[in-house]
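Here's the structure, in structure tokens; my notes come after.
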Amino acid sequence: MEWVGSPVCDGGGMSKSMTHKTSGFVLAAWLCTLLGWVVMTAAQEDDRGTIQPAQARQALTLIHARCAVCHTTDLIVQQRLPADRWTVTVEKMMHWGADLSKDEAAVVLQFVTARYHSGAPDHLPSIEEELALTAPAWGPSTASDGPLVGVSERGAEIFARNCQACHGEGAMGGAGPKLARNKILKNEGVFWETVLHGRGPMPAWGAVLSHQEISDIHAWLATR
Amino acid sequence: MTVSRREWLRTVLQGIGIGAAVGPGFPSIATAQGTEAGQGTGPLTVRVTRPFDAETPVREFASWLTPNERFFTRSHFGPPSAETVQPDVWRLTVKGLVKEELTLSLKDLQQLEAVTLTAVLQCSGNGRAHHRPKVPGVQWERGAVGNAQWTGVRLHDVLQRAGVKSQGVHVQFQGADRPALATVPLFTRSIPLAKAFHPDTLLAYEMNGRPLPLLHGAPLRVITPGWMAESCMKWLTEITVRTDETPGYYMQQAYRIPETAVRLSSGLPGSAMVPVEQMPVKSLIAAPAEGDTVRIGPVTIQGVAWAGEAPVVKVEVSCDNGKTWEQARLLGESQPYAWRQWQYLWKARQVGPTAILCRATDAQGAQQPEKSPWNPGGFLWNGWDRLSVTVAA
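Residue numbers (this note's numbering), protein chains in the order written: chain D, 1 to 224; chain W, 1001 to 1393.
Take a look at the structure:
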């Protein structure tokens, strides 16, 4: 292992003092690891379970995309429940049509059980605030080899799952604006900017929908 | 986030036409400051943004009637589109075990005798946040309740016009609101015929002298005075007379409480669950407010008290964390179903922090308990109201 940029790497051979410094560094690193372990363990105990950052991000993304079809996520963040009641709640939502696979439901359940347990603090950040904090610089699939071609038939289904709760059946509007024949469809720059990064009350979907899926939605909306 | 939440609310509220419902000259929720969750500085404290579930800050309860734009709001799916409840489109159908099916417009209904009464409307989950262990659901604190004047027609008169067949025992209500997904059960409820036939059970089209706002069920909602609000169906479009209680989630699983006393976290094996109906006796302190500093000397404590179908006969206040209780003065006249305002003049003598508590007793002798019995839905909280103040020299 190399410690790039550390004071011991002076380009010469290993002197006595360097050996001493190195062992000091090893000790410091070991102490840091130990401290890290202690802090992490304490944090895990506080969270009543382990949530890896990648898993947390997946759970947050799923909650944002799937639960918010019917209700905003503030309803979730205000709960402080034991694991058994979370289990029943997630099962009930699945039964009612929450669009989660078994594996996805398990990820969501693990997250809410760890984060919103009976002993958790009264005030916790919103799902959207947490998503913003953990957002990667790009969405699930940005790279594309050629221009994206939206497929209208797929777009209808993706719209129904993700957008319809606010923009209404057939994109005729609801809590959010009517998108059928909306002039934003002719201005693709604004359309993509709004979908990827959100605008006003509309959340950002860049971390939830792939570019292909957004193209599909656009293609379908253009037929409305 | 702050800005977007506010903008979101503005969009939602404009979308459902609350500006128009509130009318000029009244501060609309849409333009008021601080409508965010937990702040308590605006007219409503938002618990859930969509569907819009928001409670009234208790200081508003210093007034006898709760203004429409400050009245708590709760629904499972949010209001239906404004077009579906326009008077020229909207119709009420009365069907099931009736001699003659009816389809009525709002004008048809308004031909019947108009009745006005003042009644408390309260969400069954009001105070859910106080239950321990905590219970899933909207974490209402104290303000999912209000007192309003309702004008409408007697449900009895409408049912009589249709003619209820002798097998008809339950009256089912369906509103025009719909869930985002077709897989979610509809919010359908029923009440027993005796309550439906009660001369004070109304189909209301006015709230505090104004047309029912969309958020509160325009153009027509049920008012079952003395009963919890889940019986008071909003956006009413269908009345069905049936032999049995409505099947389905919102009648058979939700809004039920154990018939017998509940053991903590027992899971209630063998305990029969019955529908939530009457409101238990309850009182709230409207002033001073939680965390206030008051001056040593006379301090006016005021609030409201109500019970289901029985009048409140006594309100007591404790200013020493429940050690001693003094009787408060009940104001005005007792009116069935409305809340009663009360006042107590406290002579604050000792500097420092203290708790102020209140509890009410109804004519049947039922008294507000220190804590309500725990139940799995977190319904019917009516524990002593309690707030902390500091007495300063």
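Heads up, the beta-carbon is just placed ideally off N, CA and C, and yes, glycines get one too.
Worksheet item: Where do the ends of the alpha helix (DSSP H) carrying D/Trp192 lie?
Response: 188 to 197
Discussion item. For D/Ala156, count the other beta carbons within 10 Å of its own beta carbon; 16 or more makes it buried, fewer makes it exposed. Which is it?
Written reply: buried
Item to complete: Examine the Cβ distances between the stretch 1138 to 1153 of chain W and the stretch 1114 to 1127 of chain W and report whether three or more of them are shorter than 8 angstroms.
Response: yes
Worksheet entry | First through last residue of the alpha helix (DSSP H) which encompasses D/Arg80 | Unbroken run through D/Arg80: none, as it is neither H nor E.
Practice prompt. Closer than 8 angstroms by beta-carbon distance: list the chain D residues that pair up with W/Ala1180, in chain order.
Written response: Within chain D, the residues near W/Ala1180 are Val69, Cys70, Gln164, Ala165.
Discussion item. If contacts are defined as beta-carbon pairs under 8 angstroms, then W/Thr1066 and W/Asn1147 qualify, I think. What distance do you get, rounded to the angstrom?
Written reply: 5 angstroms
Discussion item. Would you say W/Thr1045 lies against chain D (beta-carbon separation less than 8 angstroms)?
Written reply: So, not an interface residue.
Discussion item. Let me check one thing: in DSSP terms, what residues is W/Asp1362 bridge-paired to?
Written reply: Per DSSP, W/Val1312.
Worksheet entry | Rounded straight-line distance, which links the Cα of W/Thr1103 to that of W/Pro1087 | Whole-angstrom Cα-Cα distance: 13 angstroms.
Worksheet item: Taking 8 angstroms as the CB-CB cut-off, is D/Gln212 touching chain W?
Response: no
Discussion item. Less than 8 angstroms between CB atoms is the rule here; does W/Val1184 satisfy it with respect to chain D?
Written reply: yes
Discussion item. Three or more C-beta pairs under 8 angstroms: does that hold for the stretch 1161 to 1177 of chain W against the stretch 1073 to 1080 of chain W?
Written reply: In short, these stretches touch, since the Cβ pair count reaches three.
Worksheet item: What does D/Gly97 reach in chain W if we use C-beta pairs closer than 8 angstroms?
Response: Leu1181, Ala1182, Thr1183, Val1184
Worksheet item: Just how far apart, CA to CA, sit W/Val1085 and W/Leu1109?
Response: 15 angstroms
Practice prompt. In the DSSP assignment, find the unbroken beta strand (DSSP E) run with D/Glu157 in it and report its ends.
Written response: Element bounds for D/Glu157: not the beta strand (DSSP E) but the alpha helix (DSSP H), 152 to 162.
Worksheet item: Under 8 angstroms between the Cβ atoms of W/Thr1118 and W/Ala1338?
Response: yes
Item to complete: Could you confirm whether any beta carbon from chain D is found closer than 8 angstroms to the beta carbon of W/Gln1139?
Response: yes
Worksheet item: Would you say D/Gln79 reaches chain W, if we count a Cβ-Cβ gap shorter than 8 angstroms as a contact?
Response: yes
Discussion item. Just to check my reading of the structure: W/Ala1196 and W/Leu1155 have Cβ atoms closer than 8 angstroms, yes? What is that Cβ distance to the nearest angstrom?
Written reply: 5 angstroms
Discussion item. Under 8 angstroms, with one C-beta from each stretch per pair, do the stretch 1298 to 1310 of chain W and the stretch 1341 to 1348 of chain W reach the 3-pair mark?
Written reply: Contact between the stretch 1298 to 1310 of chain W and the stretch 1341 to 1348 of chain W is present, because at least three Cβ pairs lie under 8 angstroms.
Item to complete: Could you round the C-beta distance between D/Ile51 and D/Val108 to whole angstroms and report it? I think they count as a contact, below 8 angstroms.
Response: About 11 angstroms separates the two Cβ atoms, so there is no contact after all.
Worksheet item: W/Ser1372: buried (16+ other C-beta within 10 angstroms of its C-beta) or exposed?
Response: buried
Item to complete: State the beta-bridge partners of D/Ile184 as determined by DSSP.
Response: None, per the DSSP bridge assignment.
Discussion item. Measuring only the C-alpha atoms, how far is D/His115 from D/Trp205?
Written reply: Note on identity: in this sequence residue 115 of chain D is Arg, with His being the wrong assignment. Each residue's Cα considered, the two are about 23 angstroms apart.
Worksheet item: If you drop the 5 nearest sequence neighbours on each side, which residues of the same chain put their C-beta closer than 6 angstroms to that of D/His218?
Response: For D/His218, where only same-chain residues beyond five positions count, the Cβ hits under 6 angstroms are Gly150.
Worksheet item: Under 8 angstroms between C-beta atoms, does D/Arg224 make it to chain W?
Response: no
Worksheet item: Could one say the Cβ of W/Thr1049 lies closer than 8 angstroms to chain D's Cβ atoms, at least one of them?
Response: Chain D contact via Cβ: present.
Worksheet entry | Listed by chain order, chain W residues near D/Ser118 by CB distance under 7 angstroms | Pro1133, Lys1134
Worksheet item: Which residues in the same chain have their Cβ closer than 8 angstroms to the Cβ of W/Leu988, if we skip the five residues on either side of it in sequence?
Response: Residue 988 of chain W lies beyond the residue range present for chain W, which begins at 1001 and ends at 1393; the question has no answer from this structure.
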